[in-house]
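Read the structure below first, then the notes.
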Amino acid sequence: MSPSIRLWLVRHAPVAGADAGRINGQRDVPCDTTDRLALFALAGALPRGARVLCSPLTRCKATLAAAIDSGFRPDGPETLEPDLMEQDFGAWAGKSWAELTDHPLARRMWAEPATTRPPDGESFADQVARVGPLLERIVADTPGGDVVLVCHAGTIRAALAVALNVDPAAALAFQIDPLSLTRLDAYPADPAPGKRRKLDGGWAVVWVNRPCRAPGPDP
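Residue numbers (the working numbering): 420 to 638.
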């Protein structure tokens, strides 16, 4: 079996201003990177020399830049990866759930949250189908070691659905907070000559939604 690949999934810093609490999805909204103690803790928790893939949305790029300013040292510039973007909420992006109270699809989403597709958008099950092949590509292209993925809550839940091989609806139960860490370890097989590496031993979920806090006494 080839060396394991450790995926460190970081959710971006909190969305800032009037966009906080709205359905942002793939809207490019800013984030609040003023919590320097949390960012310092995040930088200290991430492995040095890791390859970095980042969602192209501003809130992820700004979070990565703030982590680097706080001491994180990756192995070169990040790769912007569109498949790391949040679920596409289509026509609902920018609205609050309160504004959608009377929308029949919104009511359906409460009953069928993983499979309901917003107008002009994608369902969470669609997002899982997008993230799964991305994880396979990462495994195929990584000889071993650490890969940091700076992304979104929905993307991390989608990765958990893939790693645990569970129904997408089950993965929606995971709480994923801003500036939290989730780690998944992949165990690929040694490839046959001329073939790409594939998963063999599967996945290990090492931790989920680990908060990044500054060192200090226990409360």
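Cβ atoms here follow ideal geometry from the backbone N, Cα and C, with glycine treated the same way.
Exposed unless 16 or more other CB atoms sit within 10 angstroms - verdict on residue i
| i | result |
| --- | --- |
| S599 | buried |
| N443 | buried |
| G490 | exposed |
| L472 | buried |
| V624 | exposed |
| P501 | exposed |
| S474 | buried |
| W529 | exposed |
Helix, strand or coil at residue i according to DSSP, with G and I counted as helix
| i | result |
| --- | --- |
| P496 | coil |
| C473 | strand |
| C479 | helix |
| R430 | strand |
Straight-line gap, residue i to residue j (C-alpha atoms, nearest Å)
| i | j | result |
| --- | --- | --- |
| R470 | L426 | 10 Å |
| P433 | R602 | 20 Å |
| A525 | P466 | 40 Å |
| A462 | D454 | 12 Å |
| D565 | H522 | 43 Å |
| D507 | P422 | 34 Å |
Residues that DSSP places opposite residue i in a beta bridge
| i | result |
| --- | --- |
| R549 | In the DSSP output, where bridge partners are listed per residue, R549 has none listed. |
| A623 | D604 |
| I424 | G564 and A605 |
| C631 | DSSP, once it has assigned bridges, lists no residue as partnering C631. |
| V569 | V429 and C473 |
Can you confirm whether the region 549–562 touches the region 577–584 when touching is taken to mean that 3 or more C-beta pairs between the two stretches lie within less than 8 Å? Between the region 577–584 and the region 549–562, the count of C-beta pairs closer than 8 Å reaches three or more; the two stretches touch.
Inter-stretch contact at 8 Å, needing at least 3 Cβ pairs: the region 446–459 / the region 536–551: They do not touch, by the three-pair rule.
Touch test, the region 494–508 against the region 558–575, Cβ-Cβ under 8 Å, three pairs minimum: The region 494–508 is in contact with the region 558–575.
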